[in-house]
Structures are given as structure tokens and as C-alpha cells.
Amino acid sequence: MKNEDVSMVKWYKTDRRQVARKRWALLAEALFSKCRQSAAADSNFFDIFKIIPLPNLSSLDDRWFEYSVIIDHDHDPVSVKIRHLVRIFTIEELTGFNNTGNVKVWPSEEVLAYVCLKHRHFFEDKSVLEVGGGMSCMAGVLLSQLAKCASIHVTDGNVVSVDNVREIVKQNVPAKCPLTCDVLLWHEHGKHCRTYDVILAADCLFFEDSRAHLIELMFALLKNGGISLIMAPKRGDSLAEFVEQCRAKGFVCNIHQEYDEIIWSQHTKLSKERTDYDEDVHFPLFLVLEKRKPSVPSTLENTLWSS
Ligand SMILES: C[S@@+](CC[C@H](N)C(=O)[O-])C[C@H]1O[C@@H](n2cnc3c(N)ncnc32)[C@H](O)[C@@H]1O
Numbered sequence: 384m385k386n387e388d389v390s391m392v393k394w395y396k397t398d399r400r401q402v403a404r405k406r407w408a409l410l411a412e413a414l415f416s417k418c419r420q421s422a423a424a425d426s427n428f429f430d431i432f433k434i435i436p437l438p439n440l441s442s443l444d445d446r447w448f449e450y451s452v453i454i455d456h457d458h459d460p461v462s463v464k465i466r467h468l469v470r471i472f473t474i475e476e477l478t479g480f481n482n483t484g485n486v487k488v489w490p491s492e493e494v495l496a497y498v499c500l501k502h503r504h505f506f507e508d509k510s511v512l513e514v515g516g517g518m519s520c521m522a523g524v525l526l527s528q529l530a531k532c533a534s535i536h537v538t539d540g541n542v543v544s545v546d547n548v549r550e551i552v553k554q555n556v557p558a559k560c561p562l563t564c565d566v567l568l569w570h571e572h573g574k575h576c577r578t579y580d581v582i583l584a585a586d587c588l589f590f591e592d593s594r595a596h597l598i599e600l601m602f603a604l605l606k607n608g609g610i611s612l613i614m615a616p617k618r619g620d621s622l623a624e625f626v627e628q629c630r631a632k633g634f635v636c637n638i639h640q641e642y643d644e645i646i647w648s649q650h651t652k653l654s655k656e657r658t659d660y661d662e663d664v665h666f667p668l669f670l671v672l673e674k675r676k677p678s679v680p681s682t683l684e685n686t687l688w689s690s
């Protein structure tokens with residue numbers, strides 16, 4: 384298991400009294416991981432993206448990479464330029480808001496981006512919000528290159544992450560739809576005055592303190608009949624607890640394991656061949672939440688799978 388994964392495991396397995404101490408451990412790791420971060424475009428096991436360094440754009444504070452992916456063989460590769468932070472964080476940044484999204488692009492974000500691109504026709508004319516997108520918001524940014532959405536709004540609660548995403552948005556003029564970016568704290572969703580057809584999130588379910596806020600946000604900011612598409616590993620009981628609370632809130636929830644042939648075959652291979660691959664923290668499950676009454680037939684989830 385990689386160092387950053389160990390930190391995350393420690394984070395979600397800890398009890399509340401230890402959260403602050405564990406947060407310090409994670410942030411300290413970010414502080415001392417300048418070298419590792421400079422090579423931060425690691426493969427995340429699934430090898431979905433070809434990742435090429437862009438030295439001409441990079442500086443002492445950042446490393447730019449081109450992420451490109453072939454979605455299907457009758458389509459050119461889709462690519463975006465993604466900026467990774469390589470910096471010593473100030474003490475205010477380290478002690479301030481959750482910094483996990485500045486460590487790396489997590490596997491769930493890459494897999495979410497890939498699955499959204501594969502089902503890009505589903506997003507046509509839909510308004511899309513990404514929450515907790517970290518320093519890349521890669522799912523939303525990539526989708527803006529290929530899907531004719533009505534709009535895409537990418538967000539995170541961490542100001543450093545959002546500043547980074549603003550740089551990414553400047554470098555990747557959206558090809559297909561309007562793309563905007565802002566800070567959105569889950570407990571402050573009441574300040575946000577619009578609703579969406581689709582909400583995206585990757586690896587955001589393990590924060591015990593803010594899980595309820597995230598569910599409230601999704602319920603409040605989804606239109607009636609809207610859908611949340613979430614990638615997240617199990618991370619102990621965290622995904623199960625999230626699902627239980629979502630059902631209690633009134634969402635119709637479905638969890639998918641074999642949602643994509645390529646990801647599933649990679650997962651099967653990794654499970655057999657790699658001792659450092661731990662399904663609990665590395666394999667993203669696909670959670671689909673629909674804001675509809677169970678008695679009302681699903682329209683969106685069915686459309687997603689047929690798109
Ligand atoms: C593990 S990171 C995942 C980032 C990105 N989705 C990825 O997979 O690379 C979790 C993200 O959730 C964000 N986050 C955590 N709690 C939050 C909250 N209460 N409000 C807004 N964002 C939050 C963090 O800033 C961080 O970027």
C-alpha cells in the first residue's frame with residue numbers, strides 16, 4: 384500500500400478524538416512529500432490514462448501533465464492538461480481546511496472521469512455539478528471536452544484546490560459546454576442558489592464529520608428526479624454508512640461493482656497479481672443515487688446504462 388493510501392486508511396479508521404491528530408499526520412506527509420508529488424502522476428493501478436509531463440508549462444510550484452484516454456476506437460483520444468501542486472504548504476493551509484484533495488488525483492476521480500466519458504451521451508443538455516473534486520476536478524473538466532452538457536460547475540471546499548482548478552480551466556478551454564469553478568463547502572450548500580440534473584463526486588464518503596452535510600447537499604441541490612454518480616472505495620464501513628444514511632434521507636441507491644468491463648478486468652487482474660493492491664481502499668465502487676420515490680420508475684439510471 385502506498386504512503387498516501389496508508390494515511391487515508393488511518394484517517395477513516397480513526398475515532399473522532401483522533402481526527403485532529405491524524406489530520407496533522409496527513410498534512411505533515413503532504414508537507415514533506417515534495418519529491419513524491421513532483422512525480423505525482425502515478426498510475427493509480429488502473430492505468431486508464433496515458434500521462435505525459437508538460438515541462439514547458441511547469442514551474443517550481445507545479446507540474447503539468449497531459450492526461451489522455453481512448454474512450455472507443457472510432458473516436459480520437461480525449462485529453463486534458465492537469466496541474467499538480469508541488470509546493471510547501473503554508474501553516475495556514477495545513478491547519479486550515481481538509482487537504483486530501485491536494486495530495487494527488489485519487490483513483491476514484493480517474494475512474495469517474497473515464498466512466499462519465501464512456502456514457503457521455505447521458506449528459507447531453509444536463510446541468511452537472513461536481514463536489515469535492517480536489518485539485519483536478521478531472522471528471523467535470525474532461526466531461527466538458529466531450530459532452531454537450533447544458534453546463535458544468537466544478538467545486539471543492541479547499542481554496543488551494545479550487546485555485547488550482549481555475550488554472551486548469553484556463554488551460555483547457557471547454558470544447559463542448561460552459562465550465563465554471565468555485566469553492567463549495569458542503570455545510571454551506573444553502574448559499575448555493577441553483578439545482579442540477581447530475582451531481583458527481585469521487586472518494587468523498589469517508590469524512591465522518593461531514594458525511595451528513597454531503598447527503599443534505601445532494602438532496603438540496605439535485606432537481607426532483609435528479610441523479611448523483613459517485614465513485615468511492617469501501618474504506619471500511621464508510622461507504623456502507625453513507626448508503627444507509629442516503630436511504631434514510633429518501634434517495635433510491637444502487638451500488639455497482641461490475642460497472643465497466645475494462646475496470647472490472649483490471650481489478651480482477653490486480654487482485655490476483657499485486658500484493659500492494661487492496662480492494663478496500665483502491666477499488667472504486669459506483670454508487671448511483673436517485674432523488675425519486677421508489678414507487679416512481681427510474682428514468683435516469685436506465686438512460687445512463689443504455690447511453
Ligand atoms: C480524498 S479527496 C478527493 C478529491 C478528488 N475527488 C479525487 O478523488 O482526486 C476529498 C475531497 O473532498 C473535499 N472535502 C472534504 N470535506 C469537504 C467539505 N466539508 N466541503 C467541501 N469539500 C470537502 C476535500 O477538500 C478533498 O478535495
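One gets the working numbering by counting positions in the sequence shown from 1 and adding 383 to each. Built from N, CA and C at the ideal position, the CB exists for glycine as well. Keep in mind the model is a prediction, meaning the values are calculated, not measured.
Residue range of the beta strand (DSSP E) that includes residue i
i    : result
R446 : 445-452
S491 : Per DSSP, S491 belongs to no beta strand (DSSP E); it is in the alpha helix (DSSP H), 490-501.
I535 : 534-539
M671 : Contrary to the premise, residue 671 reads as Val rather than Met in this sequence. Taken as a continuous stretch (DSSP letters only), the beta strand (DSSP E) holding V671 covers 668-673.
L653 : Unbroken run through L653 is the alpha helix (DSSP H), 644-656; no beta strand (DSSP E).
D580 : 579-585
V679 : Note, V679: premise wrong, no beta strand (DSSP E); not H, not E.
K433 : 433-436
N439 : No beta strand (DSSP E) contains N439, which DSSP labels as neither H nor E.
H639 : 635-639
Three-state secondary structure (DSSP) of residue i
i    : result
A422 : Per-residue confidence for A422 stands at a pLDDT of 41, beneath the threshold of 50, marking its modelled position as unreliable; the derived number appears in the next sentence. Three-state DSSP puts A422 in coil, outside helix and strand.
K553 : helix
T563 : strand
H570 : helix
S510 : strand
N482 : coil
A522 : helix
N547 : helix
I465 : strand
L597 : helix
F415 : Note that F415 scores 46 on pLDDT, short of 50, meaning its location in the model is unreliable; the coordinates nonetheless yield the value given after this. Coil, per DSSP.
V542 : helix
H504 : helix
I474 : helix
F429 : coil
L529 : helix
F602 : helix
Residue nearest to residue i in terms of C-alpha spacing, selected from the options
i    : options                : result
V524 : V463, G609, P438       : V463
W688 : H467, T483, K501, L562 : K501
F589 : S611, P557, G515       : G515
C629 : F506, G517, E673, D592 : E673
S681 : I598, S451, V635       : V635
S544 : Y642, E656, M521       : M521
D580 : V671, K509, I638       : K509
I535 : S491, T563, V552       : T563
Y497 : K574, K655, C532, E644 : E644
K559 : E550, F506, L512, K574 : F506
H665 : A623, D455, P616       : P616
S678 : G633, V626, F480       : G633
H458 : N427, R503, L495       : R503
L529 : N482, P561, L653, E492 : P561
I465 : F669, D663, R594, V556 : V556
K606 : R577, A631, L597, L622 : R577
F432 : L597, L495, T483       : L495
W569 : L440, S654, L512       : L512
L440 : K676, I598, I551, H639 : I551
K676 : I638, P490, A631       : A631
Residue i - containing alpha helix (DSSP H), residue span
i    : result
V626 : 621-632
L612 : From DSSP, L612 is part of no alpha helix (DSSP H) but of the beta strand (DSSP E) over 605-615.
S689 : 683-689
V664 : 662-665
Environment of residue i [buried if 16+ CB atoms lie within 10 Å]
i    : result
I646 : buried
D586 : buried
F448 : buried
V469 : buried
K487 : buried
R618 : buried
G609 : buried
L443 : exposed
E684 : buried
G573 : exposed
A584 : buried
I453 : exposed
R446 : buried
T538 : buried
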